[in-house]
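**Student:** Once you've had a glance at the structure underneath, I'll fire off some questions.
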Amino acid sequence: MEIINIPATEDTPRIILDSQNSVFEFSGRSLPEDVVSFYKPVLNWLDEFEKTPIKDAEFAFKLEYFNTASSKLILDILLKLNDIFLEGHPLKVKWYHKELDSDLKEAGEEYSELIEFPFELATF
5 MEIINIPATE DTPRIILDSQ NSVFEFSGRS LPEDVVSFYK PVLNWLDEFE KTPIKDAEFA
65 FKLEYFNTAS SKLILDILLK LNDIFLEGHP LKVKWYHKEL DSDLKEAGEE YSELIEFPFE
125 LATF
């Protein structure tokens, strides 16, 4: 499976999706101009991952900020992970937020209510 390694910019997050080394991470800021085009390779990668998922994969979300358009695509990613989980493939999400960032913490709490796989909130 192809590795996705998108470097962070001022407006886009760093994304690493590497099933060979069990590294799955989204970090930084997400406010791309064309959010659908930016996240399309991620959703395509998840379609492939679904065919041969890694047991007990942990997806880390270490986002500092994301806009409304990104929130929809993040939900799409989480719902895709939920589908994979419901097919019998154990996985979890670790949602990181800064200790005093109640907005990101609240976003994580809201996302966690929409999915059925283990979802852990943590600070960084």
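Each residue of the sequence shown is one higher than the last, beginning at 5 in my numbering. For each residue, glycine too, the CB sits at the ideal point set by N, CA and C. Note that the structure is predicted; figures quoted are calculated from it, not measured.
Does Asp60 come within less than 7 Å of chain D when only Cβ atoms are used?
**Tutor:** Here there is only one protein chain, and chain D is not present.
**Student:** Could you tell me which residues DSSP puts in a beta bridge with Ala61?
**Tutor:** Answer is Leu95, bridged to Ala61.
**Student:** Starting from the C-beta of Leu35, find all residues in its chain whose C-beta is less than 6 Å away, skip the five residues before and the five after it, and write them out in chain order.
**Tutor:** Here the set comprises Asp15, Asn71.
**Student:** Let me make sure I understand the geometry here. Which of Arg18, Trp99, Thr56 has the alpha-carbon closest to that of Pro122?
**Tutor:** Checked all of Arg18, Trp99, Thr56; the closest Cα to Pro122 is Trp99.
**Student:** Which class does Ser106 belong to by DSSP, given the choice of helix, strand or coil?
**Tutor:** Three-state DSSP puts Ser106 in a helix.
**Student:** The beta strand (DSSP E) with Leu125 in it runs from where to where?
**Tutor:** Per DSSP, Leu125 belongs to the beta strand (DSSP E) from 123–127.
**Student:** Let me confirm a value: Ile7 is counted as buried when at least 16 other C-beta atoms fall within 10 Å, else exposed. Which label applies?
**Tutor:** When all chains shown are included, Ile7 counts as exposed.
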